[in-house]
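Positions 51 to 218 (the numbering used here) are the ones given, in order, by the sequence shown.
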Amino acid sequence: MKFAIECMLIATLFAPNIIFWSSSAFAYDNTAATISDPSPSISTTIRMGNQNGVGDGMKTPLSTDAQIVNRPVSGTDEEIVFNIKPHYGYVRFYLKNTGTTTIYVSINQGSASGTLKHSGSVQPGEVFNEILNKNGAWSTGDFYVSLTSGSGPMNGLLGVRTSTDLNF
């Protein structure tokens, strides 16, 4: 009886180690894709292998940051600020006009009267959804989105995402 108890005790102590070592021998998968951050910032991380098939590092090919998400637009004038972090210089701008008046847009760097980076308009019932700077990343800092509609009230949704890459 004492021998049986000792065997059970030894098996209990060593079983986790045996399971750990046997399962960890097959645990590395250099083709696995993982999401590293489930917050509004999305970062896709891919394990990369070297020529021998052994993983030699991590690479983050695309990261995005939701600056403004489905923000309601109303009134006749609005100013909204977003910030570009280091390495997140590409900007996707989304504006859905659900109102009856044209919405005029300008985006300035540094202040509402700073360097003009983009301007345009979105007609009633239309959606504008584009990367604004396909030719090159914008610098870091604050950017001011000015929305106006002139005579009637605006109605719609605004979104701004920044990214490290053009594929977003």
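The C-beta atom is built at its ideal place from N, Cα and C for all residues, glycine as well.
Residue i (DSSP reduced to helix, strand or coil)
| i | result |
| --- | --- |
| Q159 | strand |
| L197 | strand |
| P90 | Any answer about P90 is weak, because its pLDDT of 48 lies below 50 and its placement is not dependable; what the coordinates show is given next. Note: P90 maps to coil in three-state DSSP. |
| L166 | strand |
| P203 | coil |
| N133 | strand |
| D215 | coil |
| A187 | coil |
| T151 | coil |
Enclosing beta strand (DSSP E) for residue i [first to last residue]
| i | result |
| --- | --- |
| E176 | From DSSP, E176 is part of no beta strand (DSSP E); its letter is neither H nor E. |
| L145 | Y140 to N147 |
CB of residue i within 9 Å of CB of residue j, strictly
| i | j | result |
| --- | --- | --- |
| Y144 | S213 | no |
| V195 | S156 | yes |
| I134 | F193 | yes |
| L197 | V123 | yes |
| G206 | G149 | yes |
| E180 | N147 | no |
Beta-carbon contacts of residue i that lie in its chain and below 7 Å, excluding the five residues immediately before and after
| i | result |
| --- | --- |
| L166 | S156 and N158 |
Buried versus exposed, by CB contacts within 10 Å (16 or more), residue i
| i | result |
| --- | --- |
| V119 | exposed |
| D219 | Residue 219 lies beyond the range of the chain shown here (51 to 218); nothing can be said about it. |
| S189 | exposed |
| L216 | exposed |
8 Å CB neighbourhood of residue i in its chain, flanking five on each side removed
| i | result |
| --- | --- |
| T151 | P174, S199, G200, S201, G202, P203 and M204 |
| E129 | A162, Y194, V195, S196 and L197 |
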